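Residues 1 to 138 (the UniProt record's numbering) are what the sequence shown spells out, left to right.
Data block below; observations after.
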Amino acid sequence: MAHGPGRPGMTDRRFPGISDVVTQESINAYAELSGDYNPLHVDLEIAAASEFGGTIAHGPISFQSLFRSLTEGLDVEALPAGSSVSVTYRAPVRPGDAVTARIVRPADESAADGALAASCVNQDGVTVLSGSVLLPPA
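Put into structure tokens, the structure is as follows:
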């Protein structure tokens, strides 16, 4: 088994393509947990009149499948201390969307930091977020 430079044992792992379906109930629960009651997330009427045409999920909800894929692939309950996840939001996530994580080795496996490419796509294949994951040395 080949190991990626800089992160032995990390870049050769297989990360499952975990999917999660976002619901308005999960969006409302996150609003209650976080205190973020932005009408774009929780007010059906206001959100319907917005540029989005309906409610959208809070950013961290889009991460759910990505974090589940990472923790299952690493066989841990939480990401190791020193892990870094950096993403850019590409498209809104809406109630009913099935968001699937994709984590792959970098195109350039000679990259010194061993960062993994990460993205989440919805059921239509639209990338909703993309970025990278840097895990600490094993």
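Even glycine gets a Cβ: it sits at the ideal position worked out from N, Cα and C.
Model, not experiment: these values are computed from the prediction.
Counting of Cβ neighbours within 10 angstroms places residue 60 among the exposed residues, the total staying below 16. Residue pairing by DSSP places residue 89 opposite 129 in a beta bridge.
DSSP places residue 55 outside any alpha helix (DSSP H), giving it a letter other than H or E. Under the three-state reduction of DSSP output, residue 71 falls in the helix class. Collapsing the DSSP output to three states places residue 83 in coil. Residue 82 is classed as exposed because its beta carbon has fewer than 16 other beta carbons within 10 Å across all chains shown.
In this structure, the beta-carbon distance from residue 18 to residue 101 falls below 8 Å.
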